[in-house]
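Here's the structure, in structure tokens; my notes come after.
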Amino acid sequence: MKRGLVLAVIVVALVLMSAGSAFAVGGSANYYSGSAIEAATVYGPCYSYLAPADAGWGAGVPAIPCWKHTSWPLITGSPAVYISNSFYISGTIGANQWRWYRINIGNIPANAVNIVPSGYLKVNSDNADRTWINGRLAGTDGEVEGAFVDNHEWATIQSYALQPGDLKIGPNYMDVIVRNYAGDSSATGNPTGFIYDFSATWTYTEVQTDVKPGSDPSALNWNGAGKVPVAILGNEYFDVHTVNAATVTMNGAAVGVRGKKDPTVMASYSDTNGDGYEDLVVQIVDTDGDVIPAGATSVTIAWTLLPEFGGTAMSDVTDIKLVQ
Ligand SMILES: [Ca+2]
Ligand SMILES: [Ca+2]
Ligand SMILES: [Ca+2]
Ligand SMILES: [Ca+2]
Numbered sequence: 176m177k178r179g180l181v182l183a184v185i186v187v188a189l190v191l192m193s194a195g196s197a198f199a200v201g202g203s204a205n206y207y208s209g210s211a212i213e214a215a216t217v218y219g220p221c222y223s224y225l226a227p228a229d230a231g232w233g234a235g236v237p238a239i240p241c242w243k244h245t246s247w248p249l250i251t252g253s254p255a256v257y258i259s260n261s262f263y264i265s266g267t268i269g270a271n272q273w274r275w276y277r278i279n280i281g282n283i284p285a286n287a288v289n290i291v292p293s294g295y296l297k298v299n300s301d302n303a304d305r306t307w308i309n310g311r312l313a314g315t316d317g318e319v320e321g322a323f324v325d326n327h328e329w330a331t332i333q334s335y336a337l338q339p340g341d342l343k344i345g346p347n348y349m350d351v352i353v354r355n356y357a358g359d360s361s362a363t364g365n366p367t368g369f370i371y372d373f374s375a376t377w378t379y380t381e382v383q384t385d386v387k388p389g390s391d392p393s394a395l396n397w398n399g400a401g402k403v404p405v406a407i408l409g410n411e412y413f414d415v416h417t418v419n420a421a422t423v424t425m426n427g428a429a430v431g432v433r434g435k436k437d438p439t440v441m442a443s444y445s446d447t448n449g450d451g452y453e454d455l456v457v458q459i460v461d462t463d464g465d466v467i468p469a470g471a472t473s474v475t476i477a478w479t480l481l482p483e484f485g486g487t488a489m490s491d492v493t494d495i496k497l498v499q
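In the numbering used here, each number is its position in the sequence shown, counted from 1, plus 175.
Quick look at the structure:
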């Protein structure tokens with residue numbers, strides 16, 4: 176496997192029954208401590224246990240390679256090295272110390288559904304660590320809180336497998352709290368360090384959108400204010416009835432409403448591309464006529480899911496063809 180920062184978007188599988196069907200795509204990433212592009216930010220030290228993202232952590236710094244005790248194990252097959260906020264342990268040496276490592280493993284596109292990850296996050300530290308994968312508690316090694324028994328947790332590398340649901344639209348974070356047990360007060364007598372290797376691949380299905388569904392390419396005679404139909408296309412993994420139709424926008428312009436007393440959103444459901452999956456069609460209103468700039472070749476369609484489906488903010492960029 177190629178090491179270092181790898182974020183490749185690949186077409187994994189594509190079986191089209193008709194134009195406009197969903198694409199199955201994916202990506203991969205390998206991040207490890209001490210690489211030229213360090214994905215980890217470190218916060219602390221602080222002197223009581225804090226959860227990840229607690230305001231008490233203050234500002235973080237990019238993690239850097241640190242002094243390594245000869246007994247600390249490396250991760251087999253990985254070039255990862257031990258990291259910390261400083262080369263030698265900083266702060267009050269000899270006290271219980273906590274650090275928070277946040278590993279930013281990148282974004283999943285805002286039109287992704289059925290995200291299926293596979294891979295692992297391997298971690299070890301001196302002395303104890305607790306690991307979350309995008310907010311899911313993956314596991315703990317040693318006494319991260321309370322009284323401790325120093326039984327050489329620094330010798331054991333934990334491997335946490337990614338599970339369905341671990342990767343999400345938007346930024347994806349791995350969080351690790353590392354505690355250095357109180358003890359010797361010399362820098363090399365009670366050192367701390369953290370090592371990780373994140374290696375994953377994933378697939379997802381893209382939700383497609385279509386301006387002026389049925390006209391291909393989406394030719395628009397856009398000479399000022401008016402309405403334009405926009406379709407959000409359903410697929411095997413995406414039921415358009417989960418969309419809050421009132422939230423759909425095109426380049427920020429909102430869906431029209433009809434009726435004054437009991438206004439209803441101008442939205443309807445039909446299979447606009449004949450793929451067997453129902454699509455949501457809304458009428459976007461452009462009262463100023465400036466929603467699509469002259470020369471534009473694409474627009475951004477955005478929406479949020481209904482609260483009972485997580486309220487997720489999603490969006491898709493789709494091609495258009497302006498005609499005068
Ligand atoms: Ca222990
Ligand atoms: Ca360990
Ligand atoms: Ca230690
Ligand atoms: Ca359809």
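The C-beta atom is built at its ideal place from N, Cα and C for all residues, glycine as well.
- Task: Counting only runs of 3+ residues fully inside the stretch 411-484, write out the beta strand (DSSP E) ranges in chain order.
- Result: Correct list: 442-445, 454-461 and 473-479.
- Between the Cα of P292 and those of T380, V236 and G434, spot the shortest distance and give me the residue it belongs to. Comparing Cα-Cα distances from P292 to each of T380, V236 and G434, the minimum goes to T380.
- Cα-Cα separation between D450 and P339, rounded to whole angstroms: A straight line joining the alpha-carbon of D450 with that of P339 spans about 27 Å.
- Task: List in chain order the residues whose CB is within less than 5 Å of at least one heavy atom of ligand 2.
- Result: Per the Cβ criterion, the list is N299, D316, E328 and T331.
- Between Y452 and ligand 4, is the CB less than 6 Å from at least one heavy atom? It does: the Cβ of Y452 is within 6 Å (strictly closer) of some heavy atom of ligand 4.
- With a floor of 3 residues, list each beta strand (DSSP E) that falls wholly inside the stretch 327-391, ordered by position along the chain. Qualifying beta strand (DSSP E) stretches, in chain order: 333-336, 345-355, 368-381 and 384-386.
- Message: Mapping the DSSP letters down to three states, classify M489 as helix, strand or coil.
- Response: M489: strand per DSSP, three-state reduction.
- Message: Looking at the strands, I want to know which residues DSSP matches up with V501.
- Response: Only positions 176 to 499 of the chain appear in this structure, which leaves residue 501 out of reach.
- Message: Is any non-hydrogen atom of ligand 1 found closer than 6 Å to the C-beta of N419, if you look at the structure I gave you?
- Response: In terms of side-chain proximity, the C-beta atom of N419 is found no nearer than 6 Å to any non-hydrogen atom of ligand 1.
- Is I332 closer than 7 Å to N299 when the C-beta atoms are compared? Yes, the pair counts as a contact, with Cβ atoms nearer than the cut-off.
- Message: Quick check on L337: buried or exposed, where buried means 16 or more other Cβ atoms within 10 Å of its Cβ?
- Response: When all chains shown are included, L337 counts as buried.
- Query: Where DSSP assigns a beta bridge to D494, which residues make up the other side?
  - Reply: Per DSSP, the beta-bridge partners of D494 are S473.
- Following the continuous beta strand (DSSP E) through I278, name the residue where it begins and the one where it ends. DSSP places I278 in the uninterrupted beta strand (DSSP E) bounded by Q272 to I283.
- Item | Range of the contiguous beta strand (DSSP E) that encloses Y263 | Element bounds for Y263: n/a, residue is neither H nor E.
- Query: Nearest CA to the CA of W478: which residue from D494, T417 and D463?
  - Reply: The residue with the shortest Cα to Cα distance from W478 is T417.
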